[in-house]
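Chemist: Chains as they are written, first to last, in the numbering used here: chain A, 78 to 133; chain B, 10 to 394.
Even for Gly, the Cβ is constructed at its ideal location relative to N, Cα and C.
Here it is, the structure, as structure tokens.
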Amino acid sequence: MKYSAERCGYCGACVSVCQKNAIELRETGISFNLKCENCNACASVCPLGALTFENH
Amino acid sequence: MKKLKYDVVVVGGRIGGSVSSLFASKNKANVLMIEKMQEIGTPVQCAGGVTDEVFKTLQMKPSDCHVTSRIEGADVYVPDGRRVRVADEKTKGYILERKMFDKHLAIESAKAGTDIMVKTRFKDLIMREGKVCGVVAEYLGETVEVEADLVIAADGVESTLARKAGLNMVKIPEKIFSCAQYEVVGLDVPSNWLKFYFGEQVAPGGYAWIFPKGDKVANVGLGVRGTKETAYTHLKRFVSRVDATPVELNVGGIPVSGPVDKTFADGLLVVGDAAGQVDPLTGGGIRITAVCGRIAGEIAAEAVKTGNASEKFLKRYEDIWKEKIGKNLVMSLKYRKVLDTLTDEDMNRLGKFAEEHDVMSISKISALKFVGKNPHLLRLLKEIL
């Protein structure tokens, strides 16, 4: 997933829907680990559009 | 590495965390609460509406320091703009200044004896033989190990803590309200009335709201589900109708799936958004979290006293909260299901019907007549009854 730290409101909605425990919420942002499978669930609930599907 | 020992450690310092730590401390447990943010109560992820009942549960009085306005009732707007007015004893309440309210709760908890660490992020659970025995956290880059008889997970919708204990916490995207809200200045609305707006144009899968804070200040926001456009895009469109200046932007995800399957484990209790303790119809969580947080705190203290934080003992937390609010949640879930199947046209018909009757005292006969004219709504009615 492509993550825009500038758009992120660090609300954690993305973390709540991640099946793979691939996202960690920090004080003012998130970080992805290698478990991410680009399922797009996080992007679909992000209120600010900080997450977008990345085409490899 | 710093090592600490407490009876109870609470992860998360918002309403769920502060209320459970408050009632655990009041009942003589030695409690630590950790909060990842450096300021308790920020960023706000809530519109701040509560009913009078919340203050009774918390054994507190509303104060000008954390309450902005008194609410008498609500106007619900269906898609065609028709208004349904709802007002009775149950709709009476307040709009909270959440930053101040959350801080106030934390202060009350500290006064009752809770130790609090801010800017302290949960990293991992300490587990022994399948039992939760504490947490590993990070404070300013330093690792802190906190041993505890019992851990309370109040870490919000994103709850990673309970997942680590093996509870199924992952939410389905279709059952998350994706929310965005502006606090705006210059909106001339009555300070004692909430406004709700429904419809595919305004807020698909959810609704928009205006919660007045008095003196032309209001929280204007919306929650949506399953949309291509973001909640923020919908919000921009919604506020463009009015001439008002934002002074704050809030975002968040609200679980409207009903509570998670299990809210306890060996040495662990889960409260608040983490546990899905949110009204699935409205997305409101303060009242339910206040009730559940209080029970969690009391049960935690009892577990410490009796030296028994086993899964078997902690089950009583879930038994008690389900007894207190479980029925309401089940009803709300049914209403949510029904609402999800209504088209804009259905809502308009319901709005027209409600407009022609006094909505707080619609007789069974006139309701039946209405359903008779709209047979496809009868099936939905059966779901509720």
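Can you give me the start and stop residues for the alpha helix (DSSP H) that G223(B) sits inside?
Modeler: Here residue 223(B) refers to the residue found at position 214 when the second sequence is read from its first residue. Here G223(B) belongs to no alpha helix (DSSP H); instead the beta strand (DSSP E) covers 216-223.
Chemist: Which two residues bound the contiguous beta strand (DSSP E) that contains M126(B)?
Modeler: Numbered from its first residue, the second sequence carries residue 126(B) at position 117. Its beta strand (DSSP E) spans residues 124-126.
Chemist: What are the residues of the region 249-277 of chain B that lie near chain A, defined by any Cβ-Cβ distance shorter than 9 Å?
Modeler: If the cut-off is 9 Å between Cβ atoms, the region 249-277 of chain B has L258, N259, V260, G261, G262, I263, P264 near chain A.
Chemist: Can you tell me whether DSSP reads Y87(A) as helix, strand or coil?
Modeler: By 1-based counting over the first sequence, the position of residue 87(A) is 10. Three-state result, Y87(A): coil.
Chemist: Is the number of C-beta pairs between the region 167-184 of chain B and the region 96-108 of chain A that are closer than 8 Å three or more?
Modeler: In short, these stretches touch, since the Cβ pair count reaches three.
Chemist: If contact is defined by three or more beta carbon pairs under 8 Å, each pair taking one atom from either stretch, is the region 120-131 of chain A in contact with the region 81-90 of chain A?
Modeler: Cβ pair count under 8 Å is three or more, so yes.
Chemist: Can you give me the C-alpha to C-alpha distance between L176(B) and A376(B), rounded to a whole angstrom?
Modeler: Against the second sequence, residue 176(B) aligns to sequence position 167. Against the second sequence, residue 376(B) aligns to sequence position 367. Spanning the two alpha carbons is a distance of roughly 43 Å.
Chemist: Quick one: Cα of P264(B) to Cα of E117(B), how far?
Modeler: If you number the second sequence from 1, residue 264(B) lands on position 255. If you number the second sequence from 1, residue 117(B) lands on position 108. Approximately 28 Å between the Cα atoms of the pair.
Chemist: Using a C-beta to C-beta distance shorter than 7 Å, which residues of chain B count as neighbours of L111(A)?
Modeler: On the first sequence, residue 111(A) is found 34 positions in, with the first residue counted as 1. The premise fails here: L111(A) is roughly 16 Å from chain B at the closest Cβ pair, so nothing lies under 7 Å.
Chemist: Does the contact criterion of 3 or more C-beta pairs under 8 Å hold for the region 197-213 of chain B versus the region 75-88 of chain B?
Modeler: Touching, yes.
Chemist: Look up M42(B) in the DSSP assignment and give the residues it is bridged to.
Modeler: Taking the first residue of the second sequence as position 1, residue 42(B) is located at position 33. For M42(B), which the question treats as bridged, DSSP gives the partners V19(B), I125(B).
Chemist: Can you grab the Cα-Cα spacing for the pair V193(B) / I104(B), in whole Å?
Modeler: Mapped onto the second sequence, residue 193(B) falls at position 184. Mapped onto the second sequence, residue 104(B) falls at position 95. Approximately 14 Å, taken between the alpha carbons.
Chemist: Run down chain B in chain order and give the residues with a C-beta less than 9 Å from the C-beta of E104(A).
Modeler: Counting from one through the first sequence, the residue named residue 104(A) turns up at place 27. Within 9 Å Cβ-Cβ: K45, M46, Q47, K128, R130.
Chemist: In the DSSP assignment, the beta strand (DSSP E) including A118(A) goes from what residue to what residue?
Modeler: Position 41 of the first sequence, counted from the start, is the residue given in the question as residue 118(A). Premise fails: A118(A) lies in the alpha helix (DSSP H), 118-122, not in any beta strand (DSSP E).
Chemist: Going by DSSP, name the residue or residues bridged to N177(B).
Modeler: As a working note, residue 177(B) is residue 168 in the second sequence. BP columns for N177(B) are empty, so no partner.
Chemist: Report the three-state DSSP secondary structure of N337(B) (helix, strand or coil).
Modeler: Counting from one through the second sequence, the residue named residue 337(B) turns up at place 328. Residue state, collapsed to three classes: helix.
Chemist: Determine whether the Cβ of Y241(B) lies closer than 8 Å to any Cβ atom of chain A.
Modeler: As a position in the second sequence, residue 241(B) is number 232, starting the count at 1. So yes, Y241(B) belongs to the interface.
Chemist: Determine whether the Cβ of N98(A) lies closer than 8 Å to any Cβ atom of chain B.
Modeler: For the purposes of this step, residue 98(A) is taken as residue 21 along the first sequence, with counting starting at 1. At least one chain B Cβ lies under 8 Å of N98(A).
Chemist: By Cβ distance below 6 Å, which residues in the same chain neighbour A353(B) in space, the five residues on each side in sequence not counted?
Modeler: The residue given as residue 353(B) occupies position 344 in the second sequence. Residue identity differs from the one stated: residue 353(B) is Asp in this sequence, not Ala. Closer than 6 Å at the Cβ level, and outside the excluded window around D353(B), lie P88, G208, E209.
Chemist: When the distance is taken between beta carbons, is G232(B) closer than 8 Å to G292(B)?
Modeler: Here residue 292(B) refers to the residue found at position 283 when the second sequence is read from its first residue. Here residue 232(B) refers to the residue found at position 223 when the second sequence is read from its first residue. Yes; because the gap between Cβ atoms is below 8 Å, this pair is in contact.
Chemist: According to DSSP, what are the bridge partners of Y344(B)?
Modeler: Looking up residue 344(B) in the second sequence gives position 335. Answer is none; Y344(B) lacks a bridge partner.
Chemist: Could you give the C-beta distance for G276(B) and A318(B), rounded to a whole number, given that I count them as a contact under 8 Å?
Modeler: The sequence position of residue 276(B) within the second sequence is 267, counting from 1. The sequence position of residue 318(B) within the second sequence is 309, counting from 1. Indeed, because the Cβ distance is near 5 Å, the residues count as touching under 8 Å.
Chemist: With 8 Å set as the bound, which would you pick, yes or no: does the beta-carbon of G143(B) sit closer than that to a beta-carbon of chain A?
Modeler: Working through the second sequence from its first residue, we reach residue 143(B) at position 134. By this cut-off, G143(B) is not an interface position.
Chemist: Mind checking F130(A): buried by the 16 CB within 10 Å criterion, or exposed?
Modeler: As a first step, residue 130(A) must be located in the first sequence, where it is residue number 53. Exposed is the call here.
Chemist: Closer than 7 Å by beta-carbon distance: list the chain B residues that pair up with A90(A), in chain order.
Modeler: For this step, residue 90(A) is matched to residue 13 along the first sequence. Near A90(A) (Cβ distances below 7 Å), the residues of chain B are V166, I185, S187, G261, G262.
Chemist: Could you have a look at K254(B) and say whether DSSP puts it in helix, strand or coil?
Modeler: On the second sequence, position 245 is the one that residue 254(B) refers to. Residue identity check: residue 254(B) is Thr in the sequence provided, not Lys. Correct three-state label for T254(B): strand.
Chemist: For a cutoff of 8 Å on Cβ pairs, would you count I24(B) as touching chain A?
Modeler: To locate residue 24(B), count along the second sequence from 1; it is residue 15. No, I24(B) lies away from the interface with chain A (no Cβ there is under 8 Å from its Cβ).
Chemist: Runs of 3 residues minimum, wholly inside the region 104-160 of chain B: which ones carry the beta strand (DSSP E) assignment?
Modeler: For the region 104-160 of chain B, whole beta strand (DSSP E) runs of length 3 or above, ordered along the chain, are 124-126, 129-137, 140-148.
Chemist: Whose Cβ in chain B lies nearer than 7 Å to the Cβ of A118(A)?
Modeler: Along the first sequence, read from residue 1 onward, the residue named residue 118(A) stands at position 41. Simply P182.
Chemist: Please confirm if S93(A) has its CB atom under 8 Å from at least one CB of chain B.
Modeler: Taking the first sequence and counting its residues from 1, the one referred to as residue 93(A) is at position 16. True, the Cβ-Cβ gap to chain B drops below 8 Å.
Chemist: Only counting the same chain, and skipping five residues up and downstream in sequence, which positions put a Cβ closer than 8 Å to that of L149(B)?
Modeler: Translated into the one-based positions of the second sequence, residue 149(B) becomes position 140. Hits under 8 Å: K128.
Chemist: By the 10 Å Cβ neighbour count, where 16 or more other Cβ atoms means buried, how is Q190(B) classified, buried or exposed?
Modeler: In the second sequence, residue 190(B) corresponds to position 181, counting from 1. It counts as buried.
Chemist: Put P182(B) into one of helix, strand or coil per three-state DSSP.
Modeler: Translated into positions along the second sequence, residue 182(B) becomes position 173. DSSP places P182(B) in helix when its eight states are reduced to three.
Chemist: Interface residues of chain A around Q54(B) at Cβ under 7 Å?
Modeler: The count along the second sequence starts at 1 and reaches residue 54(B) at position 45. Correct list: C88.
Chemist: In terms of DSSP beta bridges, what is Y80(A) paired with?
Modeler: As a first step, residue 80(A) is located in the first sequence; it is residue number 3 there, counting from the start. Answer by DSSP bridge pairing, in chain order: L128(A).
Chemist: If the cut is a Cβ gap below 8 Å, which residues of chain A does V179(B) touch?
Modeler: As a working note, residue 179(B) is residue 170 in the second sequence. S93, V94, C95, Q96, listed in chain order.
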